[in-house]
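Anchor point for the sequence shown: position 45 equals 34 in my numbering, and the numbering is continuous, going up by one each time. Ideal placement from N, C-alpha and C gives every residue a C-beta, glycine not left out.
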Amino acid sequence: MKKIISLILVVVALLSMTSCGSSTHSSTTGLTPRLEMRMTDLQFLGETEISCEYTTYLGLFKRINKVNGEEYVPGNDFTVSKGAGLFNSLTSALKGKGMNLAAAKVLSMYPDATYLQVVIDTKKVDRMFLGSVTTRTARVRAYKFKN
């Protein structure tokens, strides 16, 4: 009898630890227009490299040291008014505050750009005692639509 009760308790415990879930999927492919674009529709403006170096302490605290090879001074952030949508699409591809600051260089170099493409995104981490120094570099190409 004790074995049966123990078995029932184990089964109830296992069932209580499992979770039930559901997922829904909706498709609107028939309702949205498609934009087909080829590289021949774009004019290449140029390519640049952006970088960010930051130090992480205890895995929690992050301090930005350099942005695009220059010492970072908080408060001198680049504000984006023109091309904000283009800037947002680039920074969402790069992910990270330091790289967001570095991405402003691309917009200042190529103000006529309508499409930015991240070609290479590399991350180098140097481990230290209770911290690390991380250097991220990305190569970004700028394009604009042909008229």
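Minimum Cα-Cα distance from L49 among the listed residues R125, G120, V95 and F134 corresponds to G120. Nearest neighbour of D115 by Cα position, chosen from F134, S(-5), R125 and G85, turns out to be R125. The three-state reading of DSSP puts K(-9) in helix, counting H, G and I together. For G35, same chain residues with a beta-carbon under 8 Å away, outside a window of 5 residues either side, are M98, Y99, R130 and A131 in chain order. About 15 Å separates the Cβ atoms of Y43 and T111, ruling out a contact at the 8 Å cut-off.
In the three-state reduction of the DSSP assignment, N89 falls in the helix class.
Cβ contact annotation for S40 (same chain, cutoff 7 Å, sequence separation greater than five): N57, G58, A91, T124, R125 and T126, in chain order. Taking the CA atoms as reference points, T45 sits about 4 Å from K51.
Rounded to the nearest whole angstrom, the C-alpha separation of A93 and A2 is 54 Å. The shortest CA-to-CA distance from K135 to any of E38, I(-7), T103 and S(-5) is the one to T103. Contact between T37 and V95 is confirmed by a C-beta separation of about 6 Å, below the 8 Å threshold. By DSSP's assignment, D110 forms a beta bridge with A127. Counting the other CB atoms within 10 Å of its CB gives L105 a total of 16 or more, which places it among the buried residues.
Between the C-alpha atoms of I53 and Y61 there is a straight-line separation of about 7 Å.
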